[in-house]
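Note sheet for the following structure.
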Amino acid sequence: MERGAIPVDDVPGAVDLQSTLESGQTYLWWRPDGATYETDGAYGGDAWYRTVVGDDVVEARQTEDAIEWRATTDAADLVRDLLGLRDDLREIRRAATEDDLAQAAWDAYDGLRIVRDPFFGCLISFICSAQMRVERIFAMQESLRAEYGDPIDFDGETVYGFPRPETLAEATEDDLRDLKLGYRAPYVQRTAEMVASGELTEEDVRGRAYELAREKLTGFVGVGDKVADCVLLFSLGYLEAVPLDTWMQTAIEDHYPDCDRGNYADTSRAFRERLGPYAGYTQTYLFHYLRSGGE
DNA sequence: CTCCAGGGAGCCT
DNA sequence: AGGCTCCATGGA
282 MERGAIPVDD VPGAVDLQST LESGQTYLWW RPDGATYETD GAYGGDAWYR
332 TVVGDDVVEA RQTEDAIEWR ATTDAADLVR DLLGLRDDLR EIRRAATEDD
382 LAQAAWDAYD GLRIVRDPFF GCLISFICSA QMRVERIFAM QESLRAEYGD
432 PIDFDGETVY GFPRPETLAE ATEDDLRDLK LGYRAPYVQR TAEMVASGEL
482 TEEDVRGRAY ELAREKLTGF VGVGDKVADC VLLFSLGYLE AVPLDTWMQT
532 AIEDHYPDCD RGNYADTSRA FRERLGPYAG YTQTYLFHYL RSGGE
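Numbering-wise (this note's numbering), the first sequence opens with residue 282 and increments by one.
Structure representation (structure tokens):
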């Protein structure tokens with residue numbers, strides 16, 4: 282096992298690991314101590330979080346002056362990528378809309394960073410997110426790992442990573458329904474099949490202009506505009522992407538009514554112009570703030 | 001009991 | 001393109 286620490290002084294802007302990993306933007310990190318999601322600071326904010334990238338287990342926690350990590354490999358650069366620690370939060374916030382709601386959200390969770398989840402896990406977890414509560418989305422990913430993940434030895438402990446595309450592609454719809462995925466089961470199986478066969482992959486999306494990338498992603502089964510935006514924002518680093526879910530639609534009705542253009546594409550465009558070049562950042566702060574009871 | 005959750009597919013016009 | 005309807009599951 283290798284270890285390291287990233288001093289917070291080396292990170293441009295504030296860092297808040299708990300807000301970053303428990304704001305509903307990623308379902309691929311969990312607490313190895315078994316704590317349930319959203320236990321609200323019961324660990325003093327210094328709990329370890331765990332994820333798996335490829336064949337490597339990676340853990341991170343926040344201490345007073347650093348983000349500490351331990352992993353099956355040298356993960357110093359990887360942790361910076363996964364947790365958005367390279368993003369200059371000061372510059373990003375300066376570019377954000379100055380309206381009261383957005384600023385209140387930024388104030389409440391300063392240090393929340395946009396994650397860069399591995400593509401396939403992000404894609405599958407957000408397909409699972411359709412009409413589902415945050416807590417249960419976590420539970421579904423846990424089931425997928427336990428049932429289909431490859432075992433990895435981590436300092437004597439066996440850790441199961443997110444399933445590989447080929448493995449999920451070979452699962453049957455009924456297998457996945459047994460994991461309580463409901464009507465998302467065939468979506469997950471067929472999308473895994475598309476990735477595994479090469480019919481449509483990360484490489485077909487990455488690097489393309491934002492709206493074209495979103496259109497490409499909707500080629501996956503179970504992926505519409507909203508889930509596509511989640512993958513663009515939380516995996517591929519398109520910081521302008523603004524997933525328009527039920528929370529954002531309500532926020533737009535109540536606080537940005539002139540951005541409501543009656544359809545996803547046009548409302549998205551108007552909302553992005555309002556929130557600025559890093560619209561996805563402010564969107565994620567708004568989502569977490571509103572869902573946690575603000576305003 | 002009903003309602004709803006980080007929506008999308010299929011089918012209709 | 002835009003507007004239905006249905007889709008599993010579990011907690012409030």
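By construction, the Cβ of each residue, glycine as well, lies at the ideal position given by its N, Cα and C atoms.
In this text the structure is predicted, and so the values were computed from the model without any measurement.
Run the CB neighbour count on Gln422, radius 10 Å, all protein chains shown included, and call it buried at 16 or more, exposed below.
Buried, by the Cβ-count rule.
Do Tyr307 and Asp398 have their C-beta atoms within less than 8 Å of each other?
This sequence places Thr at residue 307; Tyr is not what is there. The beta carbons of Thr307 and Asp398 sit closer together than 8 Å.
Who are the Cβ neighbours of Ala347 in its own chain at under 7 Å, not counting the five residues just before and after it?
Cβ within range, chain order: Ala286, Ile287, Pro288 and Val289.
Gln343 in three-state terms, based on DSSP
Per DSSP, reduced to three states, the secondary structure at Gln343 is strand.
Using the three-state DSSP reduction, which class does Thr354 fall into: helix, strand or coil?
If DSSP states are grouped into helix, strand and coil, Thr354 belongs with coil.
Please go through the same chain and pick out, in chain order, the residues whose beta-carbon is closer than 8 Å to the beta-carbon of Ala323, but skip the five residues on each side of it.
For Ala323, the pLDDT reaches just 46, beneath the cut-off of 50, and the residue's location in the model is therefore unreliable, although a value from the coordinates is still provided. Contacts found: Ala316.
Do Arg487 and Leu517 have their beta-carbon atoms positioned less than 8 Å apart in this structure?
In this structure, Arg487 lies closer than 8 Å to Leu517 by Cβ.
Ordered along the chain, which non-local residues of its own chain (more than five positions away) have a Cβ less than 7 Å from that of Arg542?
If we look at Arg542 and ignore the five residues flanking it on each side, its Cβ neighbours are Thr548 and Ala551.
When DSSP labels each residue in this structure, what does Trp528 get in the three-state scheme?
Helix, per DSSP.
Could you name the residues of the same chain whose beta carbon sits closer than 7 Å to that of Gly326, not counting the 5 residues immediately before and after it, in chain order?
Take Gly326, set aside five residues on each side of it, and the residues of its chain with a beta-carbon closer than 7 Å to its own are Gln299 and Gln343, in chain order.
Distance, Ile395 Cα to Arg284 Cα:
Distance between the alpha carbons of Arg284 and Ile395: 23 Å.
Whole angstroms is fine: what's the gap from Asp321's alpha carbon to Gly463's?
Unreliable placement is indicated for Asp321, whose pLDDT of 48 sits below 50; no coordinate value is reported for it.
The alpha helix (DSSP H) that contains Asp547, what's its start and end?
Run containing Asp547: Tyr545 to Leu556, per the alpha helix (DSSP H) assignment.
Straight-line gap, Leu248 to Glu340 (C-alpha atoms, nearest Å)
Given that the chain is displayed from residue 282 to residue 576, the structure contains no residue 248 and the question cannot be resolved.
Give the single residue among Gly503, Asp526, Gly294 and Glu438 whose Cα lies nearest to the Cα of Glu474.
Checking every option, the nearest Cα to that of Glu474 belongs to Gly503.
Is DSSP giving Asp321 helix, strand or coil here?
With a pLDDT of only 48 at Asp321, under 50, the local geometry of the prediction cannot be trusted, and no value is derived from it.
Please go through the same chain and pick out, in chain order, the residues whose beta-carbon is closer than 6 Å to the beta-carbon of Ala477, but skip the five residues on each side of it.
Counting only Cβ-Cβ distances below 6 Å, and skipping sequence neighbours, we find Pro446, Glu447 and Ala450.
Sequence-distant residues of the same chain with beta carbon closer than 6 Å to Val440, five excluded per side:
The beta carbon of Val440 sits closer than 6 Å to the beta carbons of Val338 and Ile433 from its chain, once the five residues preceding and following it are set aside; these are given in chain order.
Exposed unless 16 or more other CB atoms sit within 10 angstroms - verdict on Leu370
Classification of Leu370: buried, given that the 10 Å Cβ count is 16 or more.
Taking the alpha-carbon positions, what's the Arg495 to Tyr559 distance?
If I take the Cα positions, the gap works out to 16 Å.
Please list the terminal residues of the continuous alpha helix (DSSP H) segment that includes Gly561.
Ala560 to Arg572 is the span of the alpha helix (DSSP H), which, as asked, contains Gly561.
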